[in-house]
Amino acid sequence: MSFADLGLSEKVLGAVAAAGYDQPTPIQSQAIPHVLARRDVLGIAQTGTGKTAAFVLPMLTLLETGRARARMPRTLILEPTRELAAQVVENFERYGANHNLSVALLIGGVSFSDQDTKIARGVDVLIATPGRLLDHIERGKLLLTGVELFVIDEADRMLDMGFIPDIERIAKLVPFTRQTLFFSATMPPEIQRLADTFLHNPVRTEVARPASAATTITQRLVATGADGHEKRESLRDLIRNSADFKNAIIFCNRKREVAILHKSLQKHGFSAGALHGDLDQRARMAALDKFRTGEIPLLVASDVAARGLDIPAVSHVFNYDVPHHAEDYVHRIGRTGRAGRTGHAFTLIAPGDEKSLAAIESLIGQSVEWQGPSVADLPEGESRPRSGRGGRSARGGRTERTGRAERAERSEKPGRGERSARPRRERSPSEGRSDPRPPIHEEVAEERPARVREQPAPRAASPAPQEPGRRRNPRADSSDDGRTVVGLGDHVPAFLARPVRPKSSA
DNA sequence: AAAAAAG
């Protein structure tokens, strides 16, 4: 199966090939012909399965006929967050390179008038977050009566974020006769109800998660005190002592905590960026960009970064806070270990986190190993947040808490002192990187179709080894590591495929 | 309990 078999136009096929892809992912091969046949589609797919290209590519083909009218976009795509919306624009730019379509991005936090100027001229594709879209509509600057195709992406996340009433309002403004594509990672009853009202006789496509999705994410728990100083110290130790460290996203539960931790890390000489919803849009984009390009190896973030973002494969995820909702844990750690690569996820567990931890272990259907002693194993008094144990805090010191397992793991590594300057060094690819993998900016990104193989592979092997997608300049790389990644390579941990046990709500 | 999205 190749893209050429799906009925896409020459222009689209050209752009896809130029981007370095020839093999569609399952969701792409399933959905694209139906979209082209003007059917409604209900797509159940996680991010990273190639979902975005599954609607972008056929939309480009369909849009080749017809023309946009002023203030009446021809197609509308709704996304839950600004960053996701911006990513879809990037997809249109990449695959629409041979087209002359006008694409507008309507998100909050940026100039209203620039957006207005653009839609006044008429756009083929409107990509929006609900709030700003409704803002334009209420001001009478935008009509949805010309929308031929309507995409609702990440529906379950829209639900989580309370966008459903907005989505329903918007859907009423779009002609009944439009074509609708509806994507969601999960189908809770509320989402099913929504799908039933929005879709007309839809084709249902559900991507089978790769059977071979052996978990490539190493998950570990690390006991720490509840006190902020102590947690930050534990985190710094973790970063310094992480094996195979290249870059990391550090998740906090609160925006305030993101800011505090970000400052603290910088004070301690780490090169870090911050990302949360209270930062202005420019700062958000800048932080994400610097992290993507590898300019900054650490990104401290709220859950705005937990799902769907097209962030290059990261070697580590650190949960500075245990997420409130167990599903967030799965999304967070899913930022690493992508495309069959190895990833590491560490979660700091402080006294009081036991309940959240239990919920996570119940959701993923496995218990997570401790690195070092568990909170419960700590000697009396040590688990108290303010018990004054200087142990771990003492620089370079080692205490009971730095237990056997951890000690064993560390014994083969350079001492702490030697690595303490590591954060600054991460930026130089030539320094201390014996890692054979390509530089960060060439790491795999999600939401992309399978990549064309660069070098003629031996004819013998049945499915040609697919290299994970690269951000830019596919030709630059000749070091094929031989890893087989079929389709758009996003790794889905095996536990995701298992049904969730309904117990443990308590 | 929190974050996100409209300002």
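Mapping to UniProt numbering: the first sequence position 466 is 466, numbers consecutive.
Don't be surprised by glycine CBs; every beta carbon is placed ideally from N, CA and C.
Residue i, buried or exposed, once every other Cβ within 10 Å from all chains shown has been counted against 16
i, result
"residue 507", "This structure gives no information on residue 507, because the portion of the chain shown stretches from 1 to 506."
"residue 507", "As displayed, the chain neither begins before 1 nor continues past 506, which places residue 507 out of reach and without an answer."
"Arg254", "exposed"
"Phe180", "Here residue 180 is Thr; the residue named in the question, Phe, does not match the sequence. Per the 10 Å Cβ criterion, buried."
"Leu8", "buried"
"Phe3", "buried"
"Glu10", "exposed"
"Thr186", "exposed"
"Asp153", "buried"
"Gly50", "buried"
"Ser111", "exposed"
"Lys172", "exposed"
"Ser184", "buried"
"Asp353", "buried"
"Ala31", "buried"
"Phe176", "exposed"
"Asp156", "buried"
"Lys231", "buried"
"Lys263", "exposed"
"Asp5", "exposed"
"Gln192", "exposed"
"Glu233", "buried"
"Gly162", "exposed"
DSSP beta-bridge partners of residue i
i, result
"Ser184", "Ile44"
"Leu199", "Note: Leu199 sits in no beta bridge, so no partner."
"Ala272", "Leu298"
"Ile250", "Val300 and Phe318"
"Lys343", "With the sequence shown as reference, residue 343 is identified as Gly, and Lys is not the correct amino acid for it. Partner(s): Ile217."
"Thr336", "Val314"
"Glu369", "Arg220"
"Leu149", "Thr75 and Gln179"
DSSP three-state assignment for residue i, whether helix, strand or coil
i, result
"Ile239", "helix"
"Phe3", "helix"
"Arg69", "strand"
"Glu206", "strand"
"Thr52", "helix"
"residue 545", "Here the chain has residues from 1 to 506 only, and residue 545 is not among them."
"Gly14", "helix"
"Leu348", "strand"
"Gln192", "helix"
"Thr293", "helix"
"Arg220", "strand"
"Gly159", "In the sequence as displayed, the identity of residue 159 is Leu instead of Gly. In this structure, Leu159 counts as helix in the three-state DSSP scheme."
"Val317", "strand"
"Thr75", "strand"
"Val258", "helix"
"Glu64", "coil"
"Val330", "helix"
"Leu57", "helix"
"Val35", "helix"
"Gln23", "coil"
"Ala376", "coil"
"Leu143", "coil"
"Leu173", "helix"
"Asp166", "helix"
"Arg282", "helix"
"Glu154", "coil"
Other residues of its chain near residue i: CB distance less than 6 Å, five sequence neighbours each side excluded
i, result
"Leu126", "Pro73, Leu76 and Ala104"
"residue 513", "Residue 513 is absent from the model: the chain starts at 1 and stops at 506."
"Val151", "Phe55, Ile77 and Leu181"
"Ser29", "Met1"
"Asn98", "Lys11, Gly14 and Ala15"
"Ala306", "Asp328, His331 and Arg332"
"Lys246", "Ser315"
Sequence-distant residues of the same chain with beta carbon closer than 7 Å to residue i, five excluded per side
i, result
"Ala85", "Glu79, Leu105, Ile107, Ile127, Ala128 and Thr129"
"Ser242", "His316 and His344"
"Gln281", "Arg82, Gly109 and Val110"
"Ala287", "Gly273, Ala274, Leu275 and Leu299"
"Val258", "Cys252, Ala274, His276, Val300, Ala301 and Ser302"
"Gln266", "Ala272"
"Arg335", "Ile249, Ile311, Val314 and Val317"
Cutoff 8 Å; reference residue i; Cβ partners in own chain excluding five residues on either side
i, result
"Arg39", "Gln179, Asn201, Pro202 and Val203"
Cβ-heavy atom distance, residue i to the ligand MG, below 8 Å
i, result
"Ala223", "For the ligand MG, the structure offers nothing, since it holds no ligand at all."
* Write down every uninterrupted run of the alpha helix (DSSP H) in the segment 89-138 whose length is 4 residues or greater and which is fully enclosed by it, in chain order. => 112-121 and 130-138
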